[in-house]
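Colleague: Numbering (our numbering) for the sequence shown: 20 to 471. In this text, a Cβ means the ideal position worked out from N, Cα and C, and glycines have one as well. Sharing a structure with you now.
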Amino acid sequence: METKILFQTNDETLLQFIKGHPNAFAITIANGKQIVLVKEVKEKKQTYDEVRTLAGTIAREVQKREIETVQVDAKELTEAFATLDENKVIVAFTEGWHLGAYAFDSYKTKKANAIPALQFSNADEALITKGEVRAFAMGLSRDLTNEIPSVLNPESFPTILQNTFADTDVEVIVHDKAKLEAMEMNGLLAVNRGSKFDPAFIELHYKGDETKPLIALVGKGVTFDTGGISLKNSRDLSDMRMDMGGAAAVAGAIQLLAASGAEVNVVGLIQTVENMPDKHSILPGDIITYKTGQTVQVGNTDAEGRLILADGLIRAGELNADYIVDIATLTGAVMAALGTKVAGIFGEDDLLQTMKAIGEENGDFVWPMPLVDAYDKMLDSDYADFRNISHSPYGGSITAALFLRRFVPENSKWIHVDMAGTMDTKQEGYYASGATGFGARLLADYAEKISE
C-alpha cells in the first residue's frame with residue numbers, strides 16, 4: 020500500500036502512539052528523523068473528520084513531548100486524502116491540530132504544554148487561518164461548558180460574553196431580572212426561582228449583512244441543573260454544570276461567524292438560569308402563563324430546559340426571525356435513541372437534510388428525528404393548556420420537540436437540536452476529555468448555508 024510522509028521530527032519516543040490509528044499507520048526512522056506515514060484510504064469513503072482526528076491525535080502526542088514546531092508537507096497530506104478537496108483538507112487538519120491539543124487546565128497545578136506550532140509547506144495562509152478560527156470558536160464553547168458553576172452562573176455569564184465580544188462586531192444586549200419581568204419571560208423566571216443568582220437573557224447580534232434573512236440561534240443556558248424539586252438521583256452531578264452546552268454552542272457559533280466576517284444576519288438568544296431546590300422553587304403542579312397566553316402545567320421540574328427555550332422562541336418571533344434553530348442538552352431519551360456521537364434534529368425535512376449534510380462534513384453529526392403528531396396529545400393537561408412532560412415514558416425526545424413546536428412563531432422556519440448525548444466525551448481523536456464544543460460549527464455553517 021502506498022504511503023505518504025506527513026511530518027518529520029527528531030523525537031524518538033513517538034513510535035508508540037501511532038499504533039492502531041486508522042490513517043497514520045507507521046513511523047520509520049530515516050536519517051535520524053522519525054517519519055509519520057499516512058496510508059491512502061481507497062477502500063472506503065474518506066472524510067474530513069478523519070483528517071481532523073489524525074491531526075488531533077498527532078498534536079496531542081507531540082504536545083506531550085514538548086516538541087515546539089511541526090512541519091507538514093501540504094502536498095503529501097492532501098495526496099493522502101486524495102478523494103477530498105485539497106483546501107478543505109488543510110482547513111480540517113489545522114482545526115483538528117488545535118482542538119487535539121486543547122486542554123481545560125485552569126484549576127490544575129500542572130498545566131498542559133504549549134500547543135506545538137503547526138507549519139505547512141506550500142499551503143495558503145488563508146486556509147490555515149480559517150482552520151484556526153474554527154478551532155478557537157469551538158474552543159470557546161468548550162471553555163464555557165467546562166467552566167465550574169461558581170465561576171459561570173446566571174449573573175456572571177452575561178459579563179463573560181460581554182468580555183468575549185468586546186472588540187468584535189457583535190452587539191451584546193443583556194436583559195436583567197427586572198427587564199425579564201417587564202418582558203414577561205415567565206418560563207425563565209419560574210425555573211430560576213430557587214437560585215441565589217438572578218436570571219438573565221442575553222442577545223448576541225451579528226449583522227454581517229442585514230439584507231440577509233434573520234437567523235435566530237436559541238441556546239439553553241442552565242448553568243447548573245440539580246433537577247430542582249424533582250431532584251436528580253446520581254452519585255456525581257458535576258457534569259450538570261454542562262447543561263448550558265446549547266448556550267455555549269450559540270456563543271461559539273457567533274464568534275466563528277464574526278471572526279470569519281460571514282455575510283449573515285444572525286442573533287444569538289441565550290436564556291441563562293440555575294435550576295435549584297429551595298423554598299422559593301417552582302413546584303410540580305405549578306402553572307406558568309407565557310407571554311403568548313399559553314399555560315403550561317409543570318409536571319416535572321427537571322424538564323426545565325423546554326420551559327426557558329419557550330421564552331427564547333417567543334423572543335425570536337418578536338425579532339421577526341425568518342429561521343430559528345434552538346439547541347439544548349434537552350433529553351436523555353435522545354441518547355437512548357442515538358448514543359453519544361450524534362445529536363437529534365427535528366423540524367421540516369428539507370431543512371434537516373441540509374443540516375445533516377453540513378454535520379457530516381464538519382464533524383458535528385446529527386440525525387433527523389420524526390415529529391409524530393399523534394404524540395402531541397401526550398402533553399395534554401387537565402389543569403392547563405398542556406404539560407411540560409409527556410404522560411408516556413416513551414418517545415421523550417419527540418414529545419419535548421412537540422412542546423417546543425407550540426412556541427415557534429407562525430412565519431419562522433424552525434429546527435430543534437437535542438445535543439444531550441454529544442455534550443461531553445472522553446479523550447479521543449481531536450476531543451479532550453470533557454466538553455466537546457458540539458454545535459458551534461454546526462450552527463455557524465448552517466447559518467452561512469441558508470444565507471447563500
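Just to check my reading of the structure: Phe176 and Ile221 have Cβ atoms closer than 8 angstroms, yes? What is that Cβ distance to the nearest angstrom?
Modeller: The Cβ separation is near 7 angstroms, so the contact holds.
Colleague: Pull up the CB-CB distance for Gln82 and Gln138, whole angstroms please, since I reckon it's below 8 angstroms.
Modeller: With a Cβ gap of about 15 angstroms, Gln82 and Gln138 do not count as contacting.
Colleague: Cα separation between Phe405 and Leu398?
Modeller: Answer to the nearest angstrom: the Cα atoms are 5 angstroms apart.
Colleague: Could you give the distance in angstroms between the alpha-carbon of Val269 and the alpha-carbon of Glu105?
Modeller: Answer to the nearest angstrom: the Cα atoms are 29 angstroms apart.
Colleague: Note down the Cα distance separating Lys215 from Leu302, rounded to an integer number of angstroms.
Modeller: Distance between the alpha carbons of Lys215 and Leu302 is about 17 angstroms.
Colleague: Is the Cβ-Cβ distance between Gly456 and Ile346 less than 8 angstroms?
Modeller: No. Outside cutoff.
Colleague: What are the residues that DSSP puts in a beta bridge with Gly287?
Modeller: Leu223 and Leu236.
Colleague: Determine the extent of the alpha helix (DSSP H) in which Leu137 is found, giving its start and end residues.
Modeller: First-last for Leu137: Ala136 to Ser140, but that is the beta strand (DSSP E), not the alpha helix (DSSP H).
Colleague: Measure the alpha-carbon distance for Ala463 versus Asn172 and round it to whole angstroms.
Modeller: Those two C-alpha atoms are separated by around 25 angstroms.
Colleague: Taking Asp464 as part of the beta strand (DSSP E), name the residues at either end of that continuous run.
Modeller: Here Asp464 belongs to no beta strand (DSSP E); instead the alpha helix (DSSP H) covers Ala459 to Ile469.
Colleague: What residues in its chain sit with their C-beta under 7 angstroms from that of Lys226, if we drop five residues either side in the sequence?
Modeller: Excluding positions up to five away in sequence, the list reads Asn284.
Colleague: Under three-state DSSP, which class holds Gly336?
Modeller: Three-state DSSP puts Gly336 in a helix.
Colleague: Under the rule that 16 or more other beta-carbon atoms within 10 Å means buried, what is Gly51, buried or exposed?
Modeller: Its pLDDT being 44, under 50, Gly51 is placed unreliably in this model, and the coordinates cannot settle the point.
Colleague: Given that a residue counts as buried once 16 or more other Cβ atoms are within 10 Å of its Cβ, and exposed if not, what is Asn141?
Modeller: That one is exposed.
Colleague: Use the C-beta contact count for Arg254: other C-beta atoms within 10 angstroms, 16 or more gives buried, fewer gives exposed.
Modeller: Exposed is the call here.
Colleague: Considering Cα atoms alone, identify which of Phe100, Ala93 and Tyr309 is closest to Leu208.
Modeller: Comparing Cα positions, the closest option is Tyr309.
Colleague: Looking only at its chain, what residues have a beta carbon closer than 7 angstroms to the beta carbon of Thr72, apart from the 5 residues adjacent to it on each side?
Modeller: So the list reads Gly115, Gly448 and Tyr449, once near-sequence residues are dropped.
Colleague: Who pairs with His194 in a beta bridge, going by DSSP?
Modeller: According to DSSP, which records beta bridges pairwise, His194 is partnered with Phe220.
Colleague: Within 10 angstroms of the Cβ of Ala185, are there 16 or more other Cβ atoms? Answer buried if so, exposed if not.
Modeller: Exposed, by the Cβ-count rule.
Colleague: Tell me whether the stretch 426–445 and the stretch 338–356 touch, counting them as touching only if at least three CB pairs, one residue from each stretch, are closer than 8 angstroms.
Modeller: The stretch 426–445, when compared against the stretch 338–356, does touch it at the 8 angstroms Cβ threshold.
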